[in-house]
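**Student:** This is the structure I have questions about; it appears just below.
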Amino acid sequence: MDGKRLKIVVAGGGITGMSAAFYAVKYFAERQMPVDIVLVEKSRRLGGHIRTIHRDGFIIEQGPDSFLARKAPVMKLIRELNLEARLAATNPDPQAKKNYILHKGKLHEMPLGLVLGIPTALAPFVKTGLVSPLGKLRAAMDLLLPRRKDDADESLGGFIRRRLGREVLDNITEPLLAGIYAGETQSLSLQATFPQFRQIERDYRSLMIGMLAGKKSAPPALADGPEIARKSLFLTFDQGLSTLVERLEQSLPTVRKLTGEGINRIEKDAEGYRLLLESGDALHSDGLIMALPAAEAARLMPDVAETAWLGRIPYASVANIALAYRAEDIPGKLQGSGFVVPRREGRLITACTWSSSKWPHAAPPGKALLRTYVGRANAQEWLLLSEEELIASVRADLQATMGIVAEPLFIEISRCHRSMPQYPVGHRERLRELRANLAVEKPGVWLCGAGYEGVGIPDCIEQGRRAAEQAVSYALS
């Protein structure tokens, strides 16, 4: 752009927006292109849903508690931030790796060989009490059923039911997979959530055979990753995930950060865009990276075709309730990482992570930390509960499932309103159309974040990185 000093605005200071700002600084500097970058965040703090609190020796996550160690974008960023020495792995004790599913009021150990909720080992699946004999026979039909020839998107639940039957879907796969999105599998898009399932069906016909083949051929970890990433499927940091946010913020000294400041309106002008802020101030931008929830992005671009659809993407509200205990107040020994709860069990909680068992650094010696989850799509009644009612319901569920009757040492509640996007069937195709329209009607505006191409930390980091890359390419054009 004629060698002038560019102005790039990143709207949204969650992990996506912070990653976009980090890579924009990096990529523009590599090309020796002068740029001013402004990060605008409506809340008073950066990091979005990633937030760690420290209390009485406990390390408590109020948002996600980890990330997949085998996903390159997050490991690349950690290396660039020089944070590899701060990584913490899950408990290496084999007993701590067990996971459970609540079924008819009892905790059942997940059968060995489950990969993303798909059975890949015959003997453990045959022995499990989670599925009836008829349900197991129905699941075995996956070995014989033909592949679907139609390439159209379908729901995640519809796909699993078609391949493995309703029992496996309801009792195993949905509580595991839907928990990632706090979603309803009958509504979630297969292509936007687990597109690898459709590819496996194309390549192997049988989902179980294909998952087993992938399990055998998959590399154990990133070839150039740190040793700790080769030993643990999930990773965090020794003082919690906020470590990543804090280091990112420290790495952006040249970025102007406006927190507690929202955007009211975006106007196109002769040179780019004029952003009118809630304070009454205005910002000029040559390029705008919008790392915002889908509805907020739609509100700011009402004149662009397809944004009406964007504004209709539903978001589920969730909460996590952390409860600290003396170890002796937990009946039995916590041997595992926790359990998930299928919808049909009729419980308020959707899952419970035994944090102090999964992450040995999460609680001081002699103490235990549990983190329960509440809320999923089409089950939002919990929003009407007071704090006292919410705690009472959660404790009643823990008593019924784990036999815990003791008073907790303390409780921390984190409510995350409209935090989990529910990708509808056809999401990826509509998103392509929207971006094509944006390129014509709003050149120099890029969408990224959990509402678009994945809710996990690595997915959000990669979306932010790509947006920064697009901003540089646009400036060079």
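Here full-length UniProt numbering is used: position 256 in the sequence shown is 256, and no number is missing along the way.
Positions of the beta carbon are idealized from the N, C-alpha and C atoms, including for glycine.
#1: State buried or exposed for Gln470, treating a residue as buried only when at least 16 other CB atoms are found within 10 Å of its CB.
#2: Where does Pro208 fall in DSSP's three states?
#3: Spatial neighbours of Thr120 within its chain, please: C-beta separation below 8 Å, excluding the five flanking residues on both sides.
#4: Between the Cα of Tyr452 and those of Met420, Val472, Ser251, Ala282, spot the shortest distance and give me the residue it belongs to.
#5: So, with DSSP's three-state summary, where would you put Thr185?
#6: Using only alpha-carbon positions, find the residue among Ser355, Ala377, Ala324, Gly464 that is nearest to Val405.
#7: Under three-state DSSP, which class holds Arg79?
#8: Quick check on the burial criterion: 16 or more other C-beta atoms within 10 angstroms. Buried or exposed for Asn171?
#9: Using the Cβ count rule (16 or more neighbours within 10 Å means buried), how would you classify His427?
#10: Residues in its own chain within less than 8 Å of Pro331 by CB, not counting five upstream and five downstream?
#11: What does a CB cutoff of less than 7 Å around Ile349 pick up in its chain, not counting 5 residues either side in sequence?
#12: Comparing alpha-carbon positions, which option in Leu384, Asn99, Ser355 lies nearest Gly240?
#13: Run through DSSP, which three-state label would Met290 get?
#14: Just how far apart, CA to CA, sit Glu462 and His108?
#15: Would Lys136 and Gly336 qualify as a contact pair, given that the criterion is a beta-carbon distance under 9 Å?
#16: Alpha carbon to alpha carbon, how far is Gly317 from Glu381?
#17: How should Glu345 be labelled, buried or exposed, when 16 other C-beta atoms within 10 angstroms of its C-beta is the threshold for buried?
#18: Please work out which residues of its chain come closer than 6 Å, Cβ to Cβ, to residue 530, disregarding the five sequence neighbours upstream and downstream, and give them in chain order.
#19: How many Å lie between residue 485 and Ala85 at the Cα?
#20: Under DSSP, the alpha helix (DSSP H) around Arg432 begins and ends at which residues?
#21: Exposed or buried, His103, counting other C-beta atoms within 10 Å across all chains shown (16 or more means buried)?
#22: Have a look at the DSSP bridge pairing and note the partners of Glu267.
#23: In chain order, which alpha helix (DSSP H) runs of at least 4 residues are fully inside the stretch 109-137?
#24: Report all residues from its chain with a CB closer than 7 Å to the CB of Phe22; omit the five preceding and five following residues, and keep chain order.
#25: Could you compute how far the alpha carbon of Lys231 sits from the alpha carbon of Ile59?
#26: How long is the line joining the alpha carbons of Pro365 and Asp56, rounded to whole angstroms?
#27: Just how far apart, CA to CA, sit Val440 and Ile391?
#28: Mark Thr353 as exposed unless 16 or more other C-beta atoms lie within 10 angstroms of its C-beta, in which case mark it buried.
#29: If you count every other CB in all the chains shown that lies within 10 Å of the CB of Ala123, and 16 or more means buried, which is it?
#30: Let me make sure I understand the geometry here. Which of Gly157, Glu388, Arg326, Thr236 has the alpha-carbon closest to that of Phe197?
#31: Sorted by chain position, which residues of the same chain lie with C-beta nearer than 7 Å to Leu190's C-beta, five sequence neighbours on each side aside?
#32: Per DSSP, what are the beta-bridge partners of Val374 in this structure?
#33: Just mark Gly105 as buried or exposed, buried being the case when its beta carbon has 16 or more other beta carbons within 10 Å.
#34: Check Glu167 in the structure and name its three-state DSSP category.
#35: Are the beta-carbon atoms belonging to Ala305 and Asn437 less than 9 Å from one another?
#36: Enumerate in chain order the residues of its own chain whose CB-to-CB distance from Leu276 is below 6 Å, with the five nearest sequence positions on each side excluded.
**Tutor:** Let me lay it out:
#1: Classification of Gln470: buried, given that the 10 Å Cβ count is 16 or more.
#2: Sequence check: residue 208 is Met here, not Pro. Under the three-state reduction of DSSP output, Met208 falls in the helix class.
#3: Here the set comprises Gly113, Leu114, Met208, Met211, Leu212, Lys215.
#4: When each option's Cα is compared against that of Tyr452, the closest is Met420.
#5: Coil, per DSSP.
#6: Taking each of Ser355, Ala377, Ala324, Gly464 in turn and checking the Cα distance to Val405, the smallest one comes out for Ala324.
#7: Arg79: helix per DSSP, three-state reduction.
#8: Looking at its Cβ environment, which holds 16 or more other Cβ atoms inside 10 Å, Asn171 is buried.
#9: Taking every protein chain shown into account, the CB of His427 has 16 or more other CB atoms within 10 angstroms, so this residue is buried.
#10: When the five nearest sequence neighbours on each side are left out, the beta carbons in the same chain lying within less than 8 Å of the beta carbon of Pro331 are those of Met402, Gly403, Ile404, in order along the chain.
#11: The residues Val341, Thr372, Tyr373, Val374, Val394, Asp397, in chain order, have a CB closer than 7 Å to that of Ile349 in the same chain once the five nearest residues on each side in sequence are set aside.
#12: Taking only the C-alpha atoms, the option nearest Gly240 is Ser355.
#13: Look at Met290 here: in three-state DSSP terms it is strand.
#14: Looking at the two C-alpha atoms, the distance is approximately 36 Å.
#15: In this structure, Gly336 does not lie closer than 9 Å to Lys136 by Cβ.
#16: Rather than Gly, the amino acid found at residue 317 in this sequence is Ser. Looking at the backbone, the Cα of Ser317 and that of Glu381 are separated by about 10 Å.
#17: The residue is buried, with at least 16 neighbouring Cβ atoms inside 10 Å.
#18: Lying outside 1 to 477, the shown extent of the chain, residue 530 is not represented and no answer is given.
#19: There is simply no residue 485 to check, as the chain begins at 1 and stops at 477 in what is shown.
#20: Element bounds for Arg432: 427-441.
#21: Residue environment: His103 is assigned as buried (16 or more neighbouring CB atoms within 10 Å of its CB, all protein chains considered).
#22: DSSP lists Arg274 as partners of Glu267.
#23: Listed in chain order, they are 122-127.
#24: Correct list, in chain order: Leu248, Ser251, Leu252.
#25: Pairing Lys231 with Ile59, the inter-Cα distance amounts to about 22 Å.
#26: For the pair Pro365 and Asp56, the Cα-to-Cα distance works out to about 12 Å.
#27: Whole-angstrom Cα-Cα distance: 50 Å.
#28: Counting Cβ neighbours within 10 Å, Thr353 comes out buried, since at least 16 surround it.
#29: A residue is called buried when at least 16 other Cβ atoms come within 10 angstroms of its Cβ; Ala123 does not meet this threshold and is exposed.
#30: Comparing Cα-Cα distances from Phe197 to each of Gly157, Glu388, Arg326, Thr236, the minimum goes to Gly157.
#31: Counting only Cβ-Cβ distances below 7 Å, and skipping sequence neighbours, we find Asp153, Glu154, Ser155, Leu156, Phe159, Phe197, Arg198.
#32: Partner(s): Ala319, Ile349.
#33: Exposed: under 16 other Cβ atoms inside 10 Å.
#34: Three-state result, Glu167: helix.
#35: Contact check for Ala305 against Asn437 passes: the beta carbons are separated by less than 9 Å.
#36: Excluding five sequence positions before and after Leu276, the CB atoms of its chain that fall closer than 6 Å to its own CB belong to Asn264, Arg265, Ala282, given in chain order.
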